[in-house]
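Q:
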Amino acid sequence: MNTEHYLPLPELIPQDLLDRFRKLSPAQLCDGMAKLGIARNGAMDADLMPLDDRKVMLGTAYTVDTEDGDNFPIHVAVYQGQPGYVLVVAGKGYPGRAYIGDLMAGAAQAVGLAGLVIDGCVRDKLPLAELDIPVYAKGFMQRSPGKQGPGKINTPVTCAGVEVAAGDLVFGDYDGVTVVPRARLLEVLEASEKKGIYEEQRREVIDQYVRCRDNGEPLPELAPDWVTRLLQGR
1 MNTEHYLPLP ELIPQDLLDR FRKLSPAQLC DGMAKLGIAR NGAMDADLMP LDDRKVMLGT
61 AYTVDTEDGD NFPIHVAVYQ GQPGYVLVVA GKGYPGRAYI GDLMAGAAQA VGLAGLVIDG
121 CVRDKLPLAE LDIPVYAKGF MQRSPGKQGP GKINTPVTCA GVEVAAGDLV FGDYDGVTVV
181 PRARLLEVLE ASEKKGIYEE QRREVIDQYV RCRDNGEPLP ELAPDWVTRL LQGR
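Using the UniProt record's numbering, the letters of the sequence shown correspond one by one to residues 1 to 234.
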């Protein structure tokens with residue numbers, strides 16, 4: 001089998017950066033990337049859903065490029081996986097077969113992967129949800145995968161509408177999955193942290209408004225400054 005497109009794992013994103021990202025959310029990262037003009041703001045398709053809304057996924061991307069429900073390269077990638085990586089499978093949204101089930105996800109958990117992103121279908125829904133590893137997929141299909149290969153590993157892919165390179169940051173929660181390009185981690189982080197500060201300030205204003213309303217006190221301005229400026233044409 002021709003495996004010339006099976007490339008090595010990328011370097012893990014430094015833990016100090018991951019710790020800062022973990023204080024944010026995928027939605028805040030999208031807002032930060034919107035400020036920077038990054039395509040799609042890093043947001044994967046809306047129909048890529050978590051199997052369990054309670055789990056948070058954060059790690060360094062490594063990729064598989066495959067199609068038509070063929071999971072041979074996924075097997076290879078999983079068994080070469082290491083802690084801290086999120087496996088991103090560009091499966092082209094194929095609906096006719098499941099790319100993985102609970103056995104492969106269990107193996108991914110055993111090697112320490114931080115999550116699985118499948119642009120396509122999975123099966124064994126309930127056992128998958130009971131695992132600790134976060135899993136994102138576009139649907140469920142009981143039909144077994146193909147195993148032809150070779151596919152590609154750690155080449156640039158488009159997964160669920162977003163371009164992903166090995167080494168990018170992948171962050172998922174109940175809202176969906178966001179991808180941050182490796183080369184722009186710091187500027188996205190700083191822009192997103194500013195959005196987090198803004199949101200905290202807005203919560204304080206809303207809480208103050210509610211207190212004043214309940215106490216019969218004069219009400220503060222509730223609308224953000226940018227709303228007022230737009231209304232006044234400035």
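Ideal Cβ positions, reconstructed from N, Cα and C, are used throughout, including at glycine.
Could you spell out the range, first to last residue, of the alpha helix (DSSP H) harbouring residue 207?
A: Here the alpha helix (DSSP H) through residue 207 covers 185-215.
Q: Look up residue 65 in the DSSP assignment and give the residues it is bridged to.
A: 90, 152.
Q: In the DSSP output, what is residue 174 paired with across the bridge?
A: Answer is none; residue 174 lacks a bridge partner.
Q: Taking only three categories from DSSP, how would you classify residue 44?
A: Residue 44: coil per DSSP, three-state reduction.
Q: Starting from residue 7, trace the beta strand (DSSP E) in both directions and tell me its first and last residue.
A: Unbroken run through residue 7: none, as it is neither H nor E.
Q: Since residue 78 is in the alpha helix (DSSP H), which residue starts that stretch and which ends it?
A: Segment 72-79, the alpha helix (DSSP H) holding residue 78.
Q: State the start and end residues of the unbroken alpha helix (DSSP H) segment that holds residue 56.
A: Segment: none, residue 56 is in no alpha helix (DSSP H) and carries neither H nor E.
Q: Decide if residue 215 is buried, meaning its Cβ has at least 16 other Cβ atoms within 10 Å, or exposed.
A: Exposed: under 16 other Cβ atoms inside 10 Å.
Q: Helix or strand or just coil, what does DSSP make of residue 161?
A: Three-state result, residue 161: coil.
Q: Contact defined as beta carbons within less than 8 Å: I believe residue 70 pairs with residue 147. What is the distance between those atoms, to the nearest angstrom?
A: Their Cβ separation, rounded to whole angstroms, is 7 Å, which keeps residue 70 and residue 147 in contact under 8 Å.
Q: Consult DSSP for residue 227 and reduce its assignment to one of helix, strand or coil.
A: DSSP places residue 227 in helix when its eight states are reduced to three.
Q: Rounded to whole angstroms, what's the CA-CA distance from residue 196 to residue 64? Just pull it up for me.
A: Straight-line Cα distance between these residues: approximately 33 Å.
Q: In or out: residue 185 buried (at least 16 other Cβ within 10 Å) or exposed?
A: That one is buried.
Q: Of all the options 44, 61, 14, 39, which has the alpha carbon lying nearest to the alpha carbon of residue 26?
A: The option with the nearest alpha carbon to residue 26 is 44.
Q: Smallest Cα separation from residue 144: which of 129, 155, 120, 156?
A: Answer by Cα proximity: 120.
Q: Taking the beta carbon of residue 23 as the centre, do at least 16 other beta carbons fall within 10 Å, making it buried, or is it exposed?
A: Looking at its Cβ environment, which holds fewer than 16 other Cβ atoms inside 10 Å, residue 23 is exposed.
Q: Quick test of your reading: residue 12 and residue 187, contact by CB under 8 Å. State the CB separation rounded to the nearest angstrom.
A: The Cβ separation is near 20 Å, so there is no contact.
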